[in-house]
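Peer 1: Quick one: the structure is below, and I'll ask about it shortly.
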Amino acid sequence: MANATAAARSDMDVSDEVMIQMQGVHKWFGQFHVLKNIDLTVHKGERIVLCGPSGSGKSTLIRCINRLEEHQRGRIIVDNVELTHDLKNIEQVRREVGMVFQHFNLFPHLTVLENLTLAPIWVRKMPRAEAEKLARQYLERVRIPEQADKYPGQLSGGQQQRVAIARSLCMNPKVMLFDEPTSALDPEMIKEVLDVMIELARSGMTMICVTHEMGFARTVANRVIFMDGGEIIEANDPERFFNNPQSDRTKLFLSQILH
Amino acid sequence: MAEAMQHYKPGEHPDLPPPRESVGPIAWVRQNLLSSPLNAALTIGSLYLLYLVLPPFLDWAIFSANWQEGTSRADCVKDGACWTMVRARFGQFIYGFYPQDERWRVNVAFLLFFVPVAALLIERVPGKRYFAIFLFAIYPVIAYILFYGGLGLQEVPTARWGGLMLTLILGAVGIVVSLPIGIVLALGRRSALPVISLICTGFIEFVRAVPLITVLFMASVMLPLFLPVGVTFDKLLRAMVGIALFGAAYMAEVVRGGLQAIPRGQYEGAMALGLNYWKMTGLIILPQALRIVIPGIVNTFIGLFKDTTLVLIIGLFELLGIVQAAARDANWIGLSREGFVFAALVFFIFCFGMSRYSQYLERRLHTGHKR
Ligand SMILES: Nc1ncnc2c1ncn2[C@@H]1O[C@H](COP(=O)(O)OP(=O)(O)O)[C@@H](O)[C@H]1O
Ligand SMILES: [Mg+2]
């Protein structure tokens, strides 16, 4: 089993090129110190799973990467662009970083196809016909080409999340961030979303996933990071992370989620 | 209850029609009018009230009414309503004191307005973009020339405009101008920049705290005091500005209600895709926010439309004002009811039309459940 998963992973190459660099990042919500001295380097092609107890700052961390949250100390550099107050930089980073949310955040007043073509047309200035062609390709890839003309409200949760993934991919991002993409789904729909994510990982996408799907972590992650109380407690390859956790807090967490 | 339900094997149960007592007109009456003793009493009471009020009104307004032409009250021989007066005064009710020979211009202007508006409002009509460009870019110039004069058309000063024509002009300008200003004010009030937010909030709160009559008074009496000598500004124009700004303050609060109903996730979804503030607002937030508050927007439109009657206070004779003036005519002395019923009917047609359209729009724009 261990060999099989290792083999599945070995075909995915991680380059030396640095995609995301966080150096000494701190963040506060008012008085509350939510991120403490975060150092994290993500290389191109890496698949990172971020886990930890609720409230440990996982969402805040990945939301800092596309500046949905603002960090107050330290540096964050994404694809050689540093995130500062400069709106130009922020918009450039957001163009290159896709994000998938727990609650999908699809635009309910637009059809599935319009959800997908919106950003390519308005941000990338792509001609409409080309954007639609691209959108249909990605719908095919997430296996719902037949839903293009429906509204998000008419789809199941799993279908909506796959639309959300396709919507991000239409911007041809260099990094994909996932914030608990399966937590709001009914159990029978989790697999259809994970399958799409696994396929994406196999295609070489740089990914950071906040998730408690440990099966997914074992299958595709090349690094699992454990956070608690706003700090990175432990980071390791999945093999060692699951079989030989170093800190007591990690052990406790694993015992709670793996039963 | 009635007949015992047949038993089927699991997996073989067919779809059966609903029980007979739950469908059809008798079921409808039973469920909606007679569902409880109180409900039944209310139904009977309402029917009795209608019986008391409706026949005498219909008799006055229709069966015993005077429909013939005439020139004075003496021509109304039957004891019902004297519609003869409305017929004699009809031109004035519609056009005010606009010269007889020039009234065709008003008709053309309204035709050029209502046809493209209808084209925009009816879903099936194609080429909406061209109708919109015509209405918002070209039509105002055409309307100005037709109503006011120029390009060889005789000048008709605004003091001679009146009646339904004036009501519609004030209402249309108020509606068309107040919505965009209201949207800008609502966005400004929620702005992250304190100065902008303060200015917008101040304006909204100030205007909402003052009655429209006061705004009109200020526009008509006070404003000239502050303007340099020699600068005058048409009275009607001042009334339009007053009405539009007044409507905008109310509209801003309606729109703000819609903005507040948009979940944070919509902003985040849009930002994460790289949309900037204006694209996010124009493509994602406003379309949803406005959709939510269609009833409130139309409510404000209707209120604004009816509030145009208040321009009487600054000496403009829109429909209601001119009807009231007609009641003072020696030839028709004492005939105020007919005029008011006529004005009420006209206002009802326009307001009810707006209300029905808003309901249709809500249904059409419904795209299934949120999230
Ligand atoms: N906008 C906010 N304002 C104040 N506190 C917040 C905000 N967002 C998150 N928090 C707090 O920060 C902590 C970390 O939140 P989050 O990053 O969402 O944790 P996780 O995703 O690991 O569950 C939590 O205690 C949460 O209550
Ligand atoms: Mg979270």
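Keeping their order, the protein sequence lines are chains A and B.
Per the working numbering, the very first residue in the first sequence carries number 1; after that it's consecutive.
Per the working numbering, the very first residue in the second sequence carries number 1001; after that it's consecutive.
Even glycine gets a Cβ: it sits at the ideal position worked out from N, Cα and C.
Just list the residues that DSSP pairs His85 (chain A) with in beta bridges.
Peer 2: The residue given as residue 85 (chain A) occupies position 85 in the first sequence. Looking at the DSSP assignment, His85 (chain A) forms no beta bridge with any residue, so it has no partner.
Peer 1: Just checking: is the beta-carbon of Gln1260 (chain B) within a distance shorter than 7 angstroms of some beta-carbon in chain A?
Peer 2: Your numbering for residue 1260 (chain B) matches position 260 in the second sequence. For Gln1260 (chain B), the answer is no, since every Cβ of chain A falls outside 7 angstroms of its Cβ.
Peer 1: Nearest to Asp1307 (chain B) by CA position, among B:Val1184, B:Phe1246, B:Gly1163 and B:Leu1227, is which residue?
Peer 2: Locating residue 1307 (chain B) in the second sequence gives position 307, where the first residue counts as 1. Of the listed residues, the one whose Cα sits closest to Asp1307 (chain B) is B:Phe1246.
Peer 1: Rounded to a whole number of angstroms, what is the C-alpha to C-alpha distance between Thr41 (chain A) and Gly1242 (chain B)?
Peer 2: Position 41 of the first sequence, counted from the first residue, corresponds to residue 41 (chain A). Position 242 of the second sequence, counted from the first residue, corresponds to residue 1242 (chain B). C-alpha separation (whole angstroms): 60 angstroms.
Peer 1: Comparing alpha-carbon positions, which option in B:Ile1313, B:Ile1175 and B:Phe1305 lies nearest Ala1252 (chain B)?
Peer 2: Position 252 of the second sequence, counted from the first residue, corresponds to residue 1252 (chain B). Looking at the Cα atoms, B:Ile1175 is the closest of the given residues.
Peer 1: Compile a chain-ordered list of the residues in the region 1275 to 1297 of chain B whose CB is closer than 8 angstroms to at least one CB of chain A.
Peer 2: Per Cβ criterion, the list reads Leu1275, Asn1276, Lys1279, Leu1283, Ile1284, Pro1287, Gln1288 and Arg1291.
Peer 1: Sorted by chain position, which residues of the same chain lie with C-beta nearer than 8 angstroms to Asn1066 (chain B)'s C-beta, five sequence neighbours on each side aside?
Peer 2: As a working note, residue 1066 (chain B) is residue 66 in the second sequence. Cβ within range, chain order: Asp1075, Cys1076, Val1077, Lys1078, Gly1080, Ala1081, Cys1082, Trp1083 and Thr1084.
Peer 1: Measuring only the C-alpha atoms, how far is Asp11 (chain A) from Arg1291 (chain B)?
Peer 2: For this step, residue 11 (chain A) is matched to residue 11 along the first sequence. For this step, residue 1291 (chain B) is matched to residue 291 along the second sequence. Low local confidence applies: a pLDDT of 44 at Asp11 (chain A) is under 50, so the model's placement there is unreliable, with the coordinate-based value given in what follows. If I take the Cα positions, the gap works out to 50 angstroms.
Peer 1: Drop a sphere of 10 angstroms on the beta-carbon of Pro181 (chain A), count the other beta-carbons inside from all chains shown, and report buried for 16 or more, exposed for fewer.
Peer 2: The residue you call residue 181 (chain A) lines up with position 181 of the first sequence. It counts as buried.
Peer 1: Quick one: what's got a C-beta closer than 6 angstroms to Leu1320 (chain B)'s C-beta in the same chain, skipping five residues either side?
Peer 2: Here residue 1320 (chain B) refers to the residue found at position 320 of the second sequence. So the list reads Thr1309 and Ala1343, once near-sequence residues are dropped.
Peer 1: Note the first and the last residue of the continuous alpha helix (DSSP H) segment covering Ile1393 (chain B).
Peer 2: Because residue 1393 (chain B) is not part of the residues shown, which for chain B are 1001 to 1371, the question remains open.
Peer 1: Beta-carbon of Tyr151 (chain A) versus every beta-carbon of chain C: anything under 7 angstroms?
Peer 2: No chain C is present in this structure, whose protein chains are A and B.
Peer 1: Quick one: does Glu1362 (chain B) have its CB under 7 angstroms from some CB of chain A?
Peer 2: For the purposes of this step, residue 1362 (chain B) is identified with residue 362 of the second sequence, where counting begins at 1. Glu1362 (chain B) does not count as touching chain A.
Peer 1: For Phe29 (chain A), is the beta carbon positioned less than 6 angstroms from some heavy atom of ligand 1?
Peer 2: Taking the first sequence and counting its residues from 1, one reaches residue 29 (chain A) at position 29. Phe29 (chain A) Cβ: within cutoff of ligand 1.
Peer 1: Inspect the beta-carbon positions of Leu1120 (chain B) and Phe1131 (chain B) and report whether they are closer than 7 angstroms.
Peer 2: By 1-based counting over the second sequence, the position of residue 1120 (chain B) is 120. By 1-based counting over the second sequence, the position of residue 1131 (chain B) is 131. Their beta carbons are under 7 angstroms apart, which means Leu1120 (chain B) touches Phe1131 (chain B) by this criterion.
Peer 1: Can you list, in chain order, the stretches of the alpha helix (DSSP H) that have 4 or more residues and sit fully within the region 1187 to 1261 of chain B?
Peer 2: Listed in chain order, they are 1194 to 1208, 1212 to 1217, 1223 to 1226 and 1235 to 1260.
Peer 1: For Gly55 (chain A), verify whether its CB is less than 6 angstroms away from any heavy atom of ligand 1.
Peer 2: On the first sequence, residue 55 (chain A) is found 55 positions in, with the first residue counted as 1. Yes - ligand 1 has a heavy atom lying nearer than 6 angstroms to the Cβ of Gly55 (chain A).
Peer 1: Does any residue of chain A bring its CB to less than 7 angstroms from the CB of Gly1127 (chain B)?
Peer 2: Counted from its first residue, the second sequence places residue 1127 (chain B) at position 127. Answer no: the Cβ-Cβ gap between Gly1127 (chain B) and chain A never drops below 7 angstroms.
Peer 1: Spell out whether any CB of chain A is found under 7 angstroms from the CB atom of Gly1257 (chain B).
Peer 2: Here residue 1257 (chain B) refers to the residue found at position 257 when the second sequence is read from its first residue. Cβ-Cβ to chain A under 7 angstroms: no for Gly1257 (chain B).
Peer 1: Measuring straight from C-alpha to C-alpha, what distance separates Ser1036 (chain B) and Leu1016 (chain B)?
Peer 2: The sequence position of residue 1036 (chain B) within the second sequence is 36, counting from 1. The sequence position of residue 1016 (chain B) within the second sequence is 16, counting from 1. The alpha-carbon atoms of Ser1036 (chain B) and Leu1016 (chain B) are separated by roughly 29 angstroms.
Peer 1: Please list the partners that Arg94 (chain A) has in chain B, where partner means a Cβ-to-Cβ separation under 9 angstroms.
Peer 2: Start at 1 with the first residue of the first sequence, and residue 94 (chain A) comes out as number 94. What Arg94 (chain A) touches in chain B: Met1271, Ala1272, Leu1273, Gly1274 and Leu1275.
Peer 1: Indicate whether at least one CB of chain A lies closer than 7 angstroms to the CB of Glu1123 (chain B).
Peer 2: Sequence index remark: in the second sequence, residue 1123 (chain B) carries index 123 (1-based). Not an interface residue.
Peer 1: Strictly below 8 angstroms CB to CB, what residues from chain B border Ala119 (chain A)?
Peer 2: Taking the first residue of the first sequence as position 1, residue 119 (chain A) is located at position 119. Per Cβ cutoff of 8 angstroms: Leu1273, Gly1274 and Leu1275.
Peer 1: Using only CA atoms, which one of B:Phe1226, B:Tyr1250 and B:Gly1127 lies nearest to Thr1300 (chain B)?
Peer 2: By 1-based counting over the second sequence, the position of residue 1300 (chain B) is 300. Minimum Cα distance to Thr1300 (chain B) is reached at B:Tyr1250.
Peer 1: Would you check if the region 1159 to 1168 of chain B and the region 1088 to 1098 of chain B touch, i.e. whether three or more CB-CB distances between them fall below 8 angstroms?
Peer 2: Segments in contact, yes.
Peer 1: Once you ignore the five residues that flank Gln246 (chain A) on each side, which residues in its own chain have a CB closer than 6 angstroms to its CB?
Peer 2: The count along the first sequence starts at 1 and reaches residue 246 (chain A) at position 246. Contacts found: Glu234.
Peer 1: Would you please verify whether the beta carbon of His103 (chain A) is less than 7 angstroms from any beta carbon of chain B?
Peer 2: By one-based count along the first sequence, residue 103 (chain A) stands at place 103. Chain B contact via Cβ: present.
Peer 1: For Cys209 (chain A), name the three-state secondary structure that DSSP assigns.
Peer 2: In the first sequence, residue 209 (chain A) corresponds to position 209, counting from 1. If DSSP states are grouped into helix, strand and coil, Cys209 (chain A) belongs with the strands.
Peer 1: In terms of residue numbering, what span does the alpha helix (DSSP H) encompassing Lys36 (chain A) cover?
Peer 2: Numbered from 1 along the first sequence, position 36 holds the residue referred to as residue 36 (chain A). Looking at the DSSP string, Lys36 (chain A) is not in any alpha helix (DSSP H); the run it does join, the beta strand (DSSP E), is Phe32 to His43.
Peer 1: So which residues on chain B does Asn66 (chain A) lean against when the C-beta distance must stay under 7 angstroms?
Peer 2: The sequence position of residue 66 (chain A) within the first sequence is 66, counting from 1. By Cβ distance, chain B contributes Ala1272.
Peer 1: Of the choices B:Val1341, B:Leu1365 and B:Leu1316, whose alpha-carbon is the least far from that of Leu1216 (chain B)?
Peer 2: Position 216 of the second sequence, counting from 1, holds the residue named residue 1216 (chain B). Closest by alpha carbon: B:Leu1316.
Peer 1: Give me the Cα-Cα distance between Gln21 (chain A) and Thr84 (chain A), rounded to the nearest whole angstrom.
Peer 2: As a position in the first sequence, residue 21 (chain A) is number 21, starting the count at 1. As a position in the first sequence, residue 84 (chain A) is number 84, starting the count at 1. About 14 angstroms.
Peer 1: Should Arg1264 (chain B) be flagged as near chain A, meaning a C-beta pair shorter than 7 angstroms?
Peer 2: Here the question's residue 1264 (chain B) lines up with position 264 in the second sequence. Chain A contact via Cβ: absent.
Peer 1: What's the C-alpha gap between Gly1191 (chain B) and Val25 (chain A)?
Peer 2: What you label residue 1191 (chain B) is simply residue 191 of the second sequence in a count that begins at 1. What you label residue 25 (chain A) is simply residue 25 of the first sequence in a count that begins at 1. Correcting the residue type first, residue 1191 (chain B) is Ser in the shown sequence and not Gly. Straight-line Cα distance between these residues: approximately 28 angstroms.
Peer 1: From which residue to which residue does the beta strand (DSSP E) around Met176 (chain A) run?
Peer 2: By one-based count along the first sequence, residue 176 (chain A) stands at place 176. That run of the beta strand (DSSP E) goes Val175 to Asp179.
Peer 1: Does the Cβ of Ser1035 (chain B) lie closer than 6 angstroms to at least one heavy atom of ligand 2?
Peer 2: Here residue 1035 (chain B) refers to the residue found at position 35 when the second sequence is read from its first residue. Not under cutoff, so the answer is no.
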